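2 protein chains.
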Amino acid sequence: MATIKDVAKRAGVAVSTASYALNGNEKVSAATIDKVLKAARELNYQKNGFASDLKRTKTNTIALILSDMSGPYFSELIKGVQEVTANNQYDLIACSSVGGDRSTATKFLREKRVDGAIILANNISTKVIEESAREDFPIVVLDRDVENPYAIHVEVNNRQGGYQATEHLIQMGHRSISYVSGPIDSHDNQERFKGFMDALKDYNVPFQSRLKIGGDFTRDGGYRATKMLIAQQNLPDAIFYANDEMAIGGLQAFKEKGIGVPEDVSIVGFDDIQLSEYANPPLTTIRQPKYEAGALSVHMIFQMLAGEKVERNYNLSTEFIERSSVKEK
Amino acid sequence: MATIKDVAKRAGVAVSTASYALNGNEKVSAATIDKVLKAARELNYQKNGFASDLKRTKTNTIALILSDMSGPYFSELIKGVQEVTANNQYDLIACSSVGGDRSTATKFLREKRVDGAIILANNISTKVIEESAREDFPIVVLDRDVENPYAIHVEVNNRQGGYQATEHLIQMGHRSISYVSGPIDSHDNQERFKGFMDALKDYNVPFQSRLKIGGDFTRDGGYRATKMLIAQQNLPDAIFYANDEMAIGGLQAFKEKGIGVPEDVSIVGFDDIQLSEYANPPLTTIRQPKYEAGALSVHMIFQMLAGEKVERNYNLSTEFIERSSVKEK
DNA sequence: CTGTTAGCGCCTTCAA
DNA sequence: TTGAAGGCGCTAACAG
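So the protein sequences, as listed, match chains A and B.
Read in order, the letters of the first sequence correspond to residues 1 to 329 in UniProt numbering.
Read in order, the letters of the second sequence correspond to residues 1 to 329 in UniProt numbering.
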């Protein structure tokens, strides 16, 4: 590979001159620039990004760290992040945190291989994030709050969403309402559950602990939880699944048992994933403003990079989406 | 930020010793390693990845370049790539090629910021790929063939898939069959169309050019193409959509006009995206071995990195998936 | 087993 | 406007 030295030699100038010419610095004559560019072309010169980064200590790229890049769930979020990043002439790379603290993602964080990061990955430890975030390395965390002035928290108002879902069920006349939960240590799940309880309380609907079923945010988990509910004989009027994937698993379980949704039981999900619209019946759910969350996150990174003081917490509103999986009782 | 020099000083050893200790080199005593590690911990030392990469001229990471990271389409592919990469202790980053030759992706290619790349991004020019691939920078291209011994081509047998889809339609008694195409410059689309024509020919079914409708692989394009077909009054027996997204758009158009699928018209798609199973009716389609394609691609990269001679072309078989959108005529 | 040291390729200050 | 030179932080000969 040709280096800048080769280019300079071929152009008959000093290395510094070549560097200036290549980077569009003012202090070189047009003629010199031409000479240098020509030499570079002839040698098929490509700058060595690492050397340049090392020198500049700035990469002009930000990282989006996801627990599972292959999840369709992240589409909207990525889009939001991507657009804002590109608009600011920054580069974006996505990396997976599969492997937790031993993952590529962690390496990027610890070694500060990017100028900023957005994290939605429960398998990256809070410790790593706390230790990495600093003035010249701002981080936005989407799924928890981290104790570090340079790690801010952009979150969807899951509690509000949980409330909306539950309130709708109650207003439609349902009284015995089941909650199929996500992993208990998931912040999102906890908040949704709080919203659920808030609504129950506001409307004086008693909470029956037997109706809280453990799930794990997977379709299969929803399927199993629903089977369990069915096996208990005493089916509730309605079920609030902590996410759509589980609701779709539940739909499957009901179908197998010949139980009609929403005729026999009403259900609502959370997330509004693409599939929900195509489920049978189409799923009533809570939409998360994922695009907005992504866009806002990048925005905050740039603000912090610019040295501006910013709020440490942002809360985005959810939206209730009515489709056909809930019936008035 | 503490550097390795600081660590060495604090541990009371030479820089090289610190480096050896930190990198688990054999030739340091356990006691020294302890000392160094302790010093590193105390200083909260983190190696500077760029300096290290610069020195080693090896990054231990490969890049997956996608035209649109937010497409749910890529899930399976990513999974395949991810697993094999991780198994080989390599890091994986994904980058979007939004912006074409001015994108982050192109920068990674040109500046060789990774050890190898897998590309599925029609907006990256063939020229860039040809100029980037070289012995120490192998590239796998998934959507076209590139003239460069270090750029190999892993492809799904789209022609075979097109044949399978068409053959099924013919065997079910359909004779006037429409082809709703993807972008004409898409290699995948061209191959699928060839398969379509092959089948027509083998079964002596005449091709009517009025039945070839231009689409663009989007749901909306499928919708519009279908509307057009309907407007022509003379609906074909069956339609082969060059991908599932378009088929789903078509379903929508038929539904609006009260035309039954598969009662009035049979359709088959291509890709077997997740939605297809949930469409109404569930879509008969051709599955692409995306996971396998991803896994194989990484595999080839590693082979090339190891200096082994490899084939330049791989062709993966498609699979016919029968669901409910085709009826015997 | 440990220490010295020469770069990796680039940028940028300083002097000419 | 140009050139020489000193690092950025790390690795790995090489010498001890």
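Beta carbons are placed, not taken as given, at the ideal position from N, Cα and C, and that holds for glycine.
Computed from a predicted structure; not experimentally measured.
Confirm, please, whether the CB-CB distance from residue j to residue i is below 8 Å.
i: Ser266 of chain A; j: Met172 of chain A; result: yes
i: Gln89 of chain B; j: Val98 of chain A; result: no
i: Thr285 of chain A; j: Gly307 of chain A; result: no
i: Ile118 of chain B; j: Val140 of chain B; result: yes
i: Glu135 of chain A; j: Asn148 of chain A; result: no
i: Cys95 of chain B; j: Ala63 of chain B; result: yes
i: Ala253 of chain B; j: Ile273 of chain B; result: no
i: Arg144 of chain B; j: His174 of chain B; result: no
i: Gly162 of chain A; j: Lys194 of chain A; result: yes
i: Glu256 of chain B; j: Thr218 of chain B; result: no
i: Val156 of chain B; j: Ala242 of chain B; result: no
i: residue 354 of chain A; j: Val326 of chain A; result: Nothing in the structure corresponds to residue 354 of chain A, since chain A is present only between 1 and 329.
i: Val114 of chain A; j: Thr61 of chain A; result: yes
i: Thr104 of chain A; j: Leu92 of chain B; result: yes
i: Gly182 of chain B; j: Asp220 of chain B; result: no
Where do the ends of the alpha helix (DSSP H) carrying residue i lie?
i: Glu245 of chain A; result: Asp244 to Glu256
i: residue 375 of chain B; result: Nothing can be reported for residue 375 of chain B: it is not among the residues displayed for chain B, which extend from 1 to 329.
i: Phe302 of chain A; result: Lys290 to Leu305
i: Leu43 of chain B; result: Ala30 to Leu43
i: Phe50 of chain A; result: Gly49 to Arg56
i: Asp220 of chain A; result: Arg219 to Ala231
i: Lys5 of chain B; result: Ile4 to Ala11
Between the alpha carbons of residue i and residue j, how many angstroms are there, rounded?
i: Ile248 of chain A; j: Asn280 of chain B; result: 16 Å
i: Lys27 of chain B; j: Ala51 of chain B; result: 23 Å
i: Val15 of chain B; j: Thr3 of chain B; result: 10 Å
i: Asp202 of chain B; j: Met300 of chain B; result: 35 Å
i: Gln46 of chain B; j: Asn44 of chain A; result: 35 Å
i: Glu76 of chain A; j: Val7 of chain A; result: 44 Å
i: Ile259 of chain A; j: Ala238 of chain A; result: 13 Å
i: Glu111 of chain B; j: Gly12 of chain B; result: 38 Å
i: Lys227 of chain B; j: Leu251 of chain B; result: 10 Å
i: Asn315 of chain B; j: Thr85 of chain B; result: 21 Å
i: Arg192 of chain A; j: Met69 of chain B; result: 29 Å
i: Ala30 of chain A; j: Lys38 of chain B; result: 54 Å
i: Leu109 of chain B; j: Ala121 of chain B; result: 13 Å
i: Glu311 of chain B; j: Ser297 of chain B; result: 12 Å
i: Arg323 of chain B; j: Asp271 of chain B; result: 13 Å
i: Thr106 of chain A; j: Ala151 of chain A; result: 15 Å
i: Val205 of chain B; j: Pro289 of chain A; result: 50 Å
i: Gly116 of chain A; j: Pro236 of chain A; result: 47 Å
Is residue i helix, strand or coil when you go by DSSP?
i: Leu316 of chain B; result: strand
i: Arg144 of chain A; result: coil
i: His187 of chain B; result: helix
i: Ser209 of chain A; result: helix
i: Tyr19 of chain B; result: It should be noted that the sequence gives Ser, not Tyr, for residue 19 of chain B. In this structure, Ser19 of chain B counts as helix in the three-state DSSP scheme.
i: Thr284 of chain B; result: strand
i: Asp271 of chain B; result: strand
i: Ser266 of chain B; result: strand
i: Ile118 of chain A; result: strand
i: Arg323 of chain A; result: coil
i: Ile170 of chain B; result: helix
i: Ile259 of chain B; result: coil
So which residues on chain B does residue i lean against when the C-beta distance must stay under 9 Å?
i: Val320 of chain A; result: According to the sequence shown, residue 320 of chain A is Phe rather than Val. Under the 9 Å cutoff, chain B gives no residues; its nearest Cβ is about 22 Å from Phe320 of chain A.
i: Thr104 of chain A; result: Thr61, Thr85, Ala86, Tyr90, Asp91, Leu92 and Ile93
i: Lys47 of chain A; result: Arg110 and Glu111
i: Asn44 of chain A; result: Glu131
Mind pulling the chain A residues with CB within less than 8 Å of residue i?
i: Ser297 of chain B; result: The premise fails here: Ser297 of chain B is roughly 15 Å from chain A at the closest Cβ pair, so nothing lies under 8 Å.
Hey, could you find the ends of the beta strand (DSSP E) residue i is sitting in?
i: Glu111 of chain A; result: Element bounds for Glu111 of chain A: n/a, residue is neither H nor E.
i: Val180 of chain B; result: Ile177 to Val180
i: Ser96 of chain A; result: Asp91 to Ser96
i: His153 of chain A; result: Ala151 to Val156
i: Ala238 of chain A; result: Ala238 to Tyr241
i: Leu66 of chain A; result: Thr61 to Leu66
i: Ser125 of chain A; result: Neither: Ser125 of chain A is in no beta strand (DSSP E) and is coded neither H nor E.
In chain B, which residues lie less than 8 Å from residue i when you measure between Cβ atoms?
i: Gly99 of chain A; result: Ala86
i: Ala253 of chain A; result: What Ala253 of chain A touches in chain B: nothing, since even the nearest Cβ is about 16 Å away.
Can you list the residues of chain A that residue i reaches, using a CB-CB cut of under 7 Å?
i: Phe50 of chain B; result: Phe50, Asp53 and Leu54
i: Lys107 of chain B; result: Asp91
Would you mind telling me which residues of chain B sit closer than 7 Å to residue i, beta carbon to beta carbon, in chain order?
i: Ser96 of chain A; result: Gln82 and Leu92
Residue i versus chain A: which residues are under 9 Å apart at the beta carbon?
i: Tyr278 of chain B; result: Ile248, Leu275, Tyr278, Ala279 and Asn280
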